[in-house]
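Using this note's numbering, the first residue of the sequence shown is number 23, and each one after it goes up by one. Glycine included, every Cβ here is placed at the ideal spot set by N, Cα and C. Scroll down for the structure; my scribbles are underneath it.
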Amino acid sequence: MISLNELTNLANKCTCGNHHNDILIDEVVISDDALNKAVKYIENSQFEKVVIIADQNTFEVAGKRVSELLSDEKIDYCITLISANNQGDVIADEEALIEAMLGIPQNADSIIAVGAGTIHDIARFASYKMAKPFISIPTAPSVDGFNSMGAPVVIKGVKTTYQMHSPIAVFADINVLQKAPKEMIAAGFGDMIGKYTSLADWKFSHLIAKEPYCSLSAQLTKEALNNCVNAVKEIENGDKEGIKILIESLIQSGLAMLLVGYSSPASGGEHHLSHFWEMDFIKEDKPQVLHGAKVGVSSQIILDLYKNNVLDLIGNQDQLKNFSTAEAKAILDKQHEIITILELLPKPKEIANMLSMLEGSVTPYDLGIEPALVQDSLNKAHELRNRYTLLKFWNEHIGEHQYV
23 MISLNELTNL
33 ANKCTCGNHH
43 NDILIDEVVI
53 SDDALNKAVK
63 YIENSQFEKV
73 VIIADQNTFE
83 VAGKRVSELL
93 SDEKIDYCIT
103 LISANNQGDV
113 IADEEALIEA
123 MLGIPQNADS
133 IIAVGAGTIH
143 DIARFASYKM
153 AKPFISIPTA
163 PSVDGFNSMG
173 APVVIKGVKT
183 TYQMHSPIAV
193 FADINVLQKA
203 PKEMIAAGFG
213 DMIGKYTSLA
223 DWKFSHLIAK
233 EPYCSLSAQL
243 TKEALNNCVN
253 AVKEIENGDK
263 EGIKILIESL
273 IQSGLAMLLV
283 GYSSPASGGE
293 HHLSHFWEMD
303 FIKEDKPQVL
313 HGAKVGVSSQ
323 IILDLYKNNV
333 LDLIGNQDQL
343 KNFSTAEAKA
353 ILDKQHEIIT
363 ILELLPKPKE
373 IANMLSMLEG
383 SVTPYDLGIE
393 PALVQDSLNK
403 AHELRNRYTL
413 LKFWNEHIGE
423 HQYV
């Protein structure tokens with residue numbers, strides 16, 4: 023994984039011409055004794071009152087040990103456990119955000135997020151709104167958002183990502199992560215797999231809609247993706263090296279987002295489908311599905327659309343010339359470059375094979391997602407974000423894609 027110093031140096035030399043955020047993370051520790059080092063960091067930072075934000079499960083996994091270590095060092099702390107909904111899920115929605123903020127005393131000087139993606143989203147949002155720094159302690163290698171600025175939360179039933187702030191430090195304890203349930207490890211891999219299509223969408227949006235693009239951020243994301251894919255066997259075995267590579271890949275992906283200040287490097291059409299499904303599950307009061315599990319499945323659906331239908335369309339000059347849009351004309355100018363991007367994408371079957379190795383979800387059926395919802399998401403999910411993805415281009419020019 024790239025070091026913070028190296029990232030800063032590369033960012034200073036980057037020629038993309040876009041704004042780069044300062045990397046305000048003091049340190050990223052990935053080790054067998056990261057929990058001890060987290061408390062040592064808190065002590066050295068002279069924080070006098072800290073708040074542990076967790077849920078019932080993540081507190082048992084790591085929060086309890088953190089609280090014991092804080093007590094040993096005589097550091098004052100309080101605990102805020104975010105409640106599950108009636109389906110047993112912790113959701114980053116208005117209720118959870120208010121619960122978190124009410125649990126943070128005014129005299130608290132730092133917050134510790136102990137959990138996976140949802141707890142981090144809640145802690146990031148609440149800490150930013152209350153002007154408190156937060157420290158990240160992941161309990162599962164399940165998402166890439168631990169160290170990013172983005173907080174995807176559900177407001178009035180709509181999944182929206184707010185740019186808040188990054189943690190001031192990340193402490194990933196391999197012993198904790200290694201004990202995470204297999205489905206959460208597979209979900210982390212699924213979230214990384216989504217970078218195939220997110221990177222394609224980001225480059226496409228830059229070429230066709232002039233959206234900002236940073237080759238450094240893209241390269242960081244691609245390296246993280248490749249490292250993860252190349253270690254699929256080690257991750258399958260669940261050994262320390264495999265888990266270490268997975269969490270390093272997730273954190274590096276988060277750094278790529280942090281650098282540019284938005285999620286485009288890691289989130290494209292595949293994430294839009296995932297968000298659409300999540301919002302439907304909330305609306306229908308269904309038990310939630312892990313974010314990365316949804317992304318692993320949605321990536322295959324998007325790959326199938328991009329490598330077949332979209333590739334055929336972009337390769338058809340006569341059909342493109344029939345469209346009067348500026349985007350279609352721009353595609354004609356960049357046709358060969360876009361075709362190359364699409365041809366280099368893996369086949370859906372390759373993704374399915376890797377997810378199967380990790381005992382992850384492979385099909386919408388595995389997630390309890392009906393074909394009608396998949397069809398609906400393919401036609402409407404592009405509206406969730408103001409980004410010119412290949413999914414958006416397809417819907418604006420062709421319309422309904424029949425999901426089989």
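Following the DSSP letters along the chain, one finds A394 inside the alpha helix (DSSP H) bounded by residues 393-402. Within the model, the alpha-carbon separation for A145 versus A222 is close to 31 Å. Rounded to whole angstroms, the Cβ separation of M279 and S170 is 4 Å, and the two are in contact under 8 Å. Of all alpha-carbon atoms in L277, I361, M301, E405, the one lying nearest the alpha-carbon of S25 is that of L277. Here S237 has C38 as same chain residues with Cβ atoms under 7 Å from its own Cβ, once five neighbours each way along the sequence are excluded. The continuous beta strand (DSSP E) containing Q185 extends over residues 180-185. Your pair A315 and S383 checks out as a contact, with CB atoms roughly 5 Å apart and the cut at 8 Å. Leaving aside the five residues that flank K71 on each side, the residues in its chain whose CB is nearer than 6 Å to its CB run, in chain order, D98, N129, A130, D131. The beta-carbon distance between G210 and L272, rounded to whole angstroms, is 6 Å. This is short enough to meet the 8 Å contact definition. A Cβ-Cβ separation of about 5 Å places V136 in contact with I159 under the 8 Å criterion. Straight across, the Cα-Cα distance linking S164 with F156 is about 19 Å. When the Cα atoms are used, P386 and E405 turn out to be separated by approximately 21 Å.
Listed in chain order, the non-local C-beta contacts of E270 below 8 Å within the same chain comprise M23, I52, A246, N249, local neighbours out to five positions each way being set aside. Boundaries for A194: no alpha helix (DSSP H) harbours it, while the beta strand (DSSP E) harbouring it runs 191-195, taken from the DSSP string.
The C-beta of S320 has 16 or more other C-beta atoms within 10 Å across all chains shown, which makes the residue buried. Remark: C-beta atoms of T30 and I45 approach each other more closely than 8 Å. One thing to note: S275 has its Cβ no nearer than 8 Å to the Cβ of K181.
Contact check for S227 and E233: beta-carbon distance about 4 Å, within the 8 Å limit, so the pair qualifies. Counting along the chain, no alpha helix (DSSP H) covers D98; the unbroken beta strand (DSSP E) around it starts and ends at 98-103. Per the DSSP secondary-structure output, P160 pairs in a beta bridge with G137.
Sequence-distant Cβ neighbours of K262 in its own chain, meaning closer than 7 Å and more than five residues away, are I196, Q200. Its chain contains M379, L380 as the residues whose beta carbon lies nearer than 6 Å to that of E258, once the 5 sequence neighbours on both sides are disregarded; these appear in chain order. For E49, the beta-bridge partners assigned by DSSP are A191. Three or more Cβ pairs closer than 8 Å define a contact, and the stretch 293-312 falls short of that threshold against the stretch 347-363. Here G172 is bridged, per DSSP, to Q185.
For V61, the enclosing alpha helix (DSSP H) starts and ends at 56-66. When secondary structure is reduced to three states using DSSP, V384 falls in the coil class, being assigned neither helix nor strand.
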